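Asks:
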């Protein structure tokens with residue numbers, strides 16, 4: 004499987020971005036999917052995750068601002084990010100796993116999000 008994240012860029016505080024993650028291979032619809040991010044000097048953290056049935060969960064810092072979704076027909080994962088803050092600046096990665104809380108060891112290429120005026 005390969006995961007390719009895209010949609011990052013430079014945005015002002017309060018702005019919005021939509022990230023996409025294109026997944027190759029089969030069985031995307033059965034996978035547990037998530038978005039992680041890594042800011043400079045910080046460890047990589049889980050931002051949002053979605054089960055195969057569409058149940059979602061978020062880290063507290065993005066609740067109410069970010070929305071994770073998936074389009075199984077397109078093998079694509081999304082992250083809608085609204086009301087962006089400078090502390091959201093990071094490289095964002097998508098990742099998959101066989102079940103909630105379990106992740107594969109594979110990390111695809113991330114996409115950089117910079118929130119700055």
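Residue numbers (our numbering): 4 to 120.
Note that the Cβ used here is the ideal one computed from N, Cα and C, for glycine as well.
Treat the numbers as computed from the prediction; the structure is a model and nothing was measured.
(1) Please classify residue 72: does DSSP put it in a helix, a strand, or coil?
(2) Answer yes or no: do residue 55 and residue 33 have a C-beta to C-beta separation smaller than 8 angstroms?
(3) For residue 91, does the count of other Cβ atoms within 10 angstroms reach 16, so buried, or fall short, so exposed?
(4) Please return the same chain residues whose Cβ sits closer than 6 angstroms to the Cβ of residue 125, not counting the five positions on each side in sequence.
(5) Among residues of its own chain, excluding the 5 on either side of residue 83, which ones have a beta-carbon nearer than 6 angstroms to its beta-carbon?
(6) For residue 115, which residues in the same chain have their Cβ closer than 6 angstroms to its Cβ, ignoring the five residues on either side in sequence?
(7) Which of helix, strand or coil does DSSP assign to residue 65?
(8) Quick one: what's residue 12 bridged to in DSSP?
Replies: In brief:
(1) Within the chain shown, residue 72 is the residue found at index 69, counting from 1. Strand at residue 72.
(2) As a working note, residue 55 is residue 52 in the chain shown. As a working note, residue 33 is residue 30 in the chain shown. Pairing residue 55 with residue 33 gives a Cβ-Cβ distance under 8 angstroms.
(3) As a working note, residue 91 is residue 88 in the chain shown. Using a 10 angstroms sphere on the CB of residue 91, the tally of other CB atoms reaches 16 or more, which defines it as buried.
(4) With the chain covering only 4 through 120, there is no way to say anything about residue 125.
(5) Counting from 1 along the chain shown, the entry for residue 83 is found at position 80. Within the same chain, residue 83 has close Cβ partners 21 and 70.
(6) What you label residue 115 is simply residue 112 of the chain shown in a count that begins at 1. Taken in chain order, the residues that qualify are 11 and 94.
(7) Numbered from 1 along the chain shown, position 62 holds the residue referred to as residue 65. It is helical.
(8) As a position in the chain shown, residue 12 is number 9, starting the count at 1. In the DSSP output, where bridge partners are listed per residue, residue 12 has 116.
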